[in-house]
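Below: one structure, written as structure tokens.
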Amino acid sequence: MNKTLTAASLALALGAALTVAAAPVAAQNKISDKEHCYGVALKGKNDCKAGAGTTCAGTSQRDYQGNAWSMVPKGTCEKTASSTSPTGYGQLKEFKEKKA
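For the sequence shown, our numbering assigns the number 3 to the initial residue and increments by one for each residue that follows.
Right under this line is the structure:
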């Protein structure tokens, strides 16, 4: 019985170790499938960077703020509408907002 219990414990420990080791790789793949998109976040809904006087996520002060970004699927940023962007779409870099 002890050999069976020991073998089962070893198999469980090995499985757990492999799962933990694979987690950062899976997370990295999800991040690499996304990109920062400036000018598409709604007020208080940005992922990070919202200009002077703000701390980070959830701190954008207005809709479509040119220096606040959200993570979007790679390749979709410049196809996403932004009413303040010079092109009318999200940008891969922060921008000075056009007047509405």
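Note that CB positions come from ideal geometry on N, CA and C, so glycine has one too.
field: Cβ shell of K81 (< 6 Å), same chain only, five flanking positions each side left out
entry: Counting from 1 along the sequence shown, the entry for residue 81 is found at position 79. Around K81: no qualifying Cβ.
field: Backbone CA spacing between Y91 and T8 [nearest angstrom]
entry: For this step, residue 91 is matched to residue 89 along the sequence shown. For this step, residue 8 is matched to residue 6 along the sequence shown. In a straight line, the C-alpha of Y91 is about 60 Å away from that of T8.
message: If you reduce the DSSP assignment to three classes, tell me which class K101 lands in.
response: The residue you call residue 101 lines up with position 99 of the sequence shown. Of the three classes helix, strand and coil, the one that applies to K101 here is coil, per DSSP.
field: C-alpha gap between K45 and G60, whole angstroms
entry: In the sequence shown, the residue the question calls residue 45 occupies position 43. In the sequence shown, the residue the question calls residue 60 occupies position 58. So the two alpha carbons sit approximately 8 Å from each other.
- request: Determine the DSSP secondary structure at C79, reduced to helix, strand or coil.
  value: Start at 1 with the first residue of the sequence shown, and residue 79 comes out as number 77. In the structure shown, C79 sits in a helix (DSSP, three-state: H, G or I).
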